[in-house]
Amino acid sequence: MMRRENFLETEGEVFFYLRDNVVIEPLVEHWYAWHYLLSPVARSFFMRKNRKQLRSFLKYPEFHSGISSGKVGTVRLSVDDVLSVKQYLDSTQQLESQQEQLVAAVEKLDDLVFQFRGDSLEPLYQEIPFELKGRTELFYARNQSGSYRLFENAFEGIFDRCESVLFTLKTEYTKRPPVFNTPRLTCYESQFLIDIDFKDKILDKIFESRQAPIDFNKLCQEMNLTDEEKQKFRKFFTSEYREKALSEPDGGKIRYFGHATLLIETSSESLLIDPWIQNESFEKDGKNSYSLSDLPTHIDYVVITHGHADHFNIETLLQIRHKVGQIIVPKSSGDMIEDPSLAKILKQIGFGNVVEVDPFEKIHGSTFQLHTIPFLGEHGDLRVDAKSSYYIETDSEQLLILSDSKFIQEEIYQYLFKHSLKVSKMFVGMECEGAPYTWLYEPILNQGYQPEYAKNRRLIGCNGNETEQLIQLINPDSVFVYAMGLEPWLEYLTGKPATFDDYIVREYKHLEEKMFQEDRSIKLLYWSEEISI
Numbered sequence: 001m002m003r004r005e006n007f008l009e010t011e012g013e014v015f016f017y018l019r020d021n022v023v024i025e026p027l028v029e030h031w032y033a034w035h036y037l038l039s040p041v042a043r044s045f046f047m048r049k050n051r052k053q054l055r056s057f058l059k060y061p062e063f064h065s066g067i068s069s070g071k072v073g074t075v076r077l078s079v080d081d082v083l084s085v086k087q088y089l090d091s092t093q094q095l096e097s098q099q100e101q102l103v104a105a106v107e108k109l110d111d112l113v114f115q116f117r118g119d120s121l122e123p124l125y126q127e128i129p130f131e132l133k134g135r136t137e138l139f140y141a142r143n144q145s146g147s148y149r150l151f152e153n154a155f156e157g158i159f160d161r162c163e164s165v166l167f168t169l170k171t172e173y174t175k176r177p178p179v180f181n182t183p184r185l186t187c188y189e190s191q192f193l194i195d196i197d198f199k200d201k202i203l204d205k206i207f208e209s210r211q212a213p214i215d216f217n218k219l220c221q222e223m224n225l226t227d228e229e230k231q232k233f234r235k236f237f238t239s240e241y242r243e244k245a246l247s248e249p250d251g252g253k254i255r256y257f258g259h260a261t262l263l264i265e266t267s268s269e270s271l272l273i274d275p276w277i278q279n280e281s282f283e284k285d286g287k288n289s290y291s292l293s294d295l296p297t298h299i300d301y302v303v304i305t306h307g308h309a310d311h312f313n314i315e316t317l318l319q320i321r322h323k324v325g326q327i328i329v330p331k332s333s334g335d336m337i338e339d340p341s342l343a344k345i346l347k348q349i350g351f352g353n354v355v356e357v358d359p360f361e362k363i364h365g366s367t368f369q370l371h372t373i374p375f376l377g378e379h380g381d382l383r384v385d386a387k388s389s390y391y392i393e394t395d396s397e398q399l400l401i402l403s404d405s406k407f408i409q410e411e412i413y414q415y416l417f418k419h420s421l422k423v424s425k426m427f428v429g430m431e432c433e434g435a436p437y438t439w440l441y442e443p444i445l446n447q448g449y450q451p452e453y454a455k456n457r458r459l460i461g462c463n464g465n466e467t468e469q470l471i472q473l474i475n476p477d478s479v480f481v482y483a484m485g486l487e488p489w490l491e492y493l494t495g496k497p498a499t500f501d502d503y504i505v506r507e508y509k510h511l512e513e514k515m516f517q518e519d520r521s522i523k524l525l526y527w528s529e530e531i532s533i
């Protein structure tokens, strides 16, 4: 970090940079924002679960504060937070009532349609609950089981957005509490909370100031901050200057930012895959991780593989929105609670140029072609359409980006490569332990689900044997295993500390031995990496 010699300060103007150690958490109803909290129907189901956890905390605060280390069903709050939780639940009673009515309506409709087995559904329209009338179509699946679709756009605006952004000054001793089971109810001395819609362009100005100085007084005026709020917000900014990021792609390389994030730079374009990037760099064994400040000033394309929060990360997406040209997302069904439209969510939070893709489509850039590939697995066998793998061709490379896709049908790849397409570098996730699908999806499952099947329906990608079969089929020049959740700064989202003694790493090591025996190139990506192309 260098101190700027001639700090720019003129009459009425004071220019600052956002500090690198400022953590940004977008919140919905004071809970960490992810795609299910940005879809009104799904949000209602998940908020029911969240409030149930908080009421359990009020009943057994010592129990929760004693064991709450990110475990399912526990809230990482202390007994000192009891009053804050009570006040929160009291203040959200009206919204809770509205959401509970919507949940009850969906559950009633579930019961109504599932008992029909062939007779006309038209009389049933009269029994659709009020909250869903005009927003629902009834139909039969081909196996003659009754079902329905919800018109997702028709639910827009039925609740207050309740969006806010929490700024936290993080020190090396600060550990972020887990986000899926702990709300942000108290604003501490090192924090600043802004009630603001995610689409508000003021956020772009704030996040752009990580690399370009901003007129702080003017910013505070636009935010309508009081003098006291302005003084507190000032602590999140600095006069220290950091070198600007590259304005153009550096060309011919891939940078691994941790977990599943890849920055692909061709001669004149950049593609950022599944951005989940930390606000500042971490050092280990003389090696620095990449941070938001290491991104170029403009990103031509952001490419999303699926909606899980470690791949479709609202926290990162909001912070890079001002520099993104186009964002590519897999198309959802758009009418099922478990499969909300990622494109709609992105437009809702302020992205303008959003492109949806189906399997086996092509997108042409100036220096690349992107092919979409069906993504199987990782979603507990639920009907989730919004997921895709990608094959990217540049002038010199052929990249296969598989993310958490599971190798189940080799015919998919036989179809894709029937014209003798080549793969120079394959990126594949091997998180093959995973959690039962109920860990994530239980709040939106209806009463017909059977818990005993959960142990076999896991949120997993390829294991060692499946990855080996995939390698034998495709014969890539190099294999890179990634998306393992091993970096320690990911724990606040993954919920558990990962170690190199974990089962998934042992699976990789076993595969690595086999590949070395066959004289194949394979590497486990960790922390940060720069790969020439």
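In terms of full-length UniProt numbering, the numbers along the sequence shown are unbroken and rise by one, the last being 533. All residues carry an ideal CB built from backbone N, CA and C; glycine is no exception.
Range covered by the beta strand (DSSP E) that runs through LYS253: Residue numbering aside, residue 253 sits at position 253 when the sequence shown is read from its first letter. Its beta strand (DSSP E) spans residues 253 to 258.
Cross-strand partners of TRP31 (DSSP beta bridge): Looking up residue 31 in the sequence shown gives position 31. TRP31 pairs with VAL28.
In whole angstroms, what is the alpha-carbon distance linking LYS175 and ARG210? Along the sequence shown, read from residue 1 onward, the residue named residue 175 stands at position 175. Along the sequence shown, read from residue 1 onward, the residue named residue 210 stands at position 210. LYS175 and ARG210: Cα-Cα distance of roughly 22 Å.
Given this structure, state the Cα-to-Cα distance separating LEU486 from THR261, to the nearest angstrom. Taking the first residue of the sequence shown as position 1, residue 486 is located at position 486. Taking the first residue of the sequence shown as position 1, residue 261 is located at position 261. C-alpha separation (whole angstroms): 13 Å.
Which one of HIS371, GLY448 and LEU38 has the shortest CA to CA distance from LEU402? Within the sequence shown, the letter at position 402 stands for residue 402. Comparing Cα positions, the closest option is HIS371.
Please report the straight-line C-alpha distance between LYS199 and ILE206, rounded to a whole angstrom. By one-based count along the sequence shown, residue 199 stands at place 199. By one-based count along the sequence shown, residue 206 stands at place 206. Straight-line Cα distance between these residues: approximately 13 Å.
Residue range of the beta strand (DSSP E) that GLU378 falls in? Translated into the one-based positions of the sequence shown, residue 378 becomes position 378. Where GLU378 is concerned, there is no enclosing beta strand (DSSP E), given that its DSSP letter is neither H nor E.
Please report the straight-line C-alpha distance between TYR492 and GLU25, rounded to a whole angstrom. Sequence index remark: in the sequence shown, residue 492 carries index 492 (1-based). Sequence index remark: in the sequence shown, residue 25 carries index 25 (1-based). Between TYR492 and GLU25, the C-alpha separation is close to 11 Å.
Could you give the DSSP three-state label for residue 537: helix, strand or coil? Outside the modelled stretch of the chain, which goes from 1 to 533, sits residue 537, for which no answer is possible.
Contacting residues, own chain, Cβ-Cβ under 6 Å from SER69 (five flanking each side not counted): Your numbering for residue 69 matches position 69 in the sequence shown. Legend: pLDDT at SER69 = 47, less than 50; position of this residue unreliable, no value from coordinates given.
Are the CB atoms of TRP527 and LYS253 nearer to each other than 7 Å? Reading the sequence shown from its first residue, position 527 is the one you call residue 527. Reading the sequence shown from its first residue, position 253 is the one you call residue 253. Contact flag unset, no.
Roughly how many whole angstroms lie between the Cα atoms of SER521 and ASP477? As a working mapping, residue 521 is identified with position 521 in the sequence shown. As a working mapping, residue 477 is identified with position 477 in the sequence shown. Their backbone Cα atoms lie some 7 Å apart in a straight line.
Just to confirm the assignment, what range does the alpha helix (DSSP H) spanning MET515 have? Sequence index remark: in the sequence shown, residue 515 carries index 515 (1-based). Counting along the chain, the alpha helix (DSSP H) containing MET515 begins and ends at 503 to 517.
Which two residues bound the contiguous alpha helix (DSSP H) that contains MET430? Against the sequence shown, residue 430 aligns to sequence position 430. Premise fails: MET430 is in no alpha helix (DSSP H) and is neither H nor E.
Looking only at its own chain, which residues have a Cβ that is under 6 Å from the Cβ of TYR167, when we skip the five neighbours before and after it? On the sequence shown, position 167 is the one that residue 167 refers to. The amino acid at residue 167 is misidentified as Tyr; the sequence shows Phe. Hits under 6 Å: VAL22, PHE192 and PHE236.
Just reading off the beta strand (DSSP E) that ILE327 is part of, what are its end residues? Here residue 327 corresponds to residue number 327 of the sequence shown, with the count starting at 1. That run of the beta strand (DSSP E) goes 324 to 330.
Check whether the segment 333 to 347 touches the segment 32 to 47, counting contact only when three or more Cβ pairs, one atom from each stretch, lie closer than 8 Å. yes
Is HIS306 helix, strand or coil when you go by DSSP? Along the sequence shown, read from residue 1 onward, the residue named residue 306 stands at position 306. Strand.
LEU399 to LYS425 span [Cα, whole Å]: Numbered from 1 along the sequence shown, position 399 holds the residue referred to as residue 399. Numbered from 1 along the sequence shown, position 425 holds the residue referred to as residue 425. One C-alpha to the other measures close to 5 Å.
What is the C-beta distance between SER366 and SER268, in whole angstroms, given that I count them as a contact (C-beta under 8 Å)? Taking the sequence shown and counting its residues from 1, one reaches residue 366 at position 366. Taking the sequence shown and counting its residues from 1, one reaches residue 268 at position 268. Between SER268 and SER366 the Cβ distance is about 6 Å, and since that is below 8 Å, they are a contact.
Just to confirm my understanding: we take LYS170, look at its own chain, exclude 5 residues before and 5 after, and list those with CB closer than 7 Å. What are they? The residue given as residue 170 occupies position 170 in the sequence shown. Only ASN21 and VAL23 meet the Cβ criterion.
Restricting to Cα atoms, I'd like to know which of ASP502, ALA483, PRO488 and HIS510 is closest to LEU525. In the sequence shown, counting from the first residue as 1, residue 525 sits at position 525. Selected option, being the one with the closest Cα: ALA483.
Per DSSP, the bridge partner or partners of GLU393: For the purposes of this step, residue 393 is identified with residue 393 of the sequence shown, where counting begins at 1. For GLU393, which the question treats as bridged, DSSP gives the partners GLN369 and GLN398.
Considering only DSSP beta bridges, list what GLY146 is partnered with. Residue numbering aside, residue 146 sits at position 146 when the sequence shown is read from its first letter. GLY146 pairs with TYR140.
C-alpha distance - ARG48 paired with TRP34, whole-angstrom precision: For the purposes of this step, residue 48 is taken as the residue at position 48 of the sequence shown. For the purposes of this step, residue 34 is taken as the residue at position 34 of the sequence shown. Roughly 16 Å between the two C-alpha positions.
Identify the residues that DSSP records as bridge partners of ASP195: which are they? Indexing the sequence shown from 1 puts residue 195 at position 195. Beta-bridge pairing links ASP195 to SER164.
Taking all protein chains shown into account, do 16 or more other C-beta atoms lie within 10 angstroms of the C-beta of ALA141, making it buried, or fewer, making it exposed? Start at 1 with the first residue of the sequence shown, and residue 141 comes out as number 141. When all chains shown are included, ALA141 counts as exposed.
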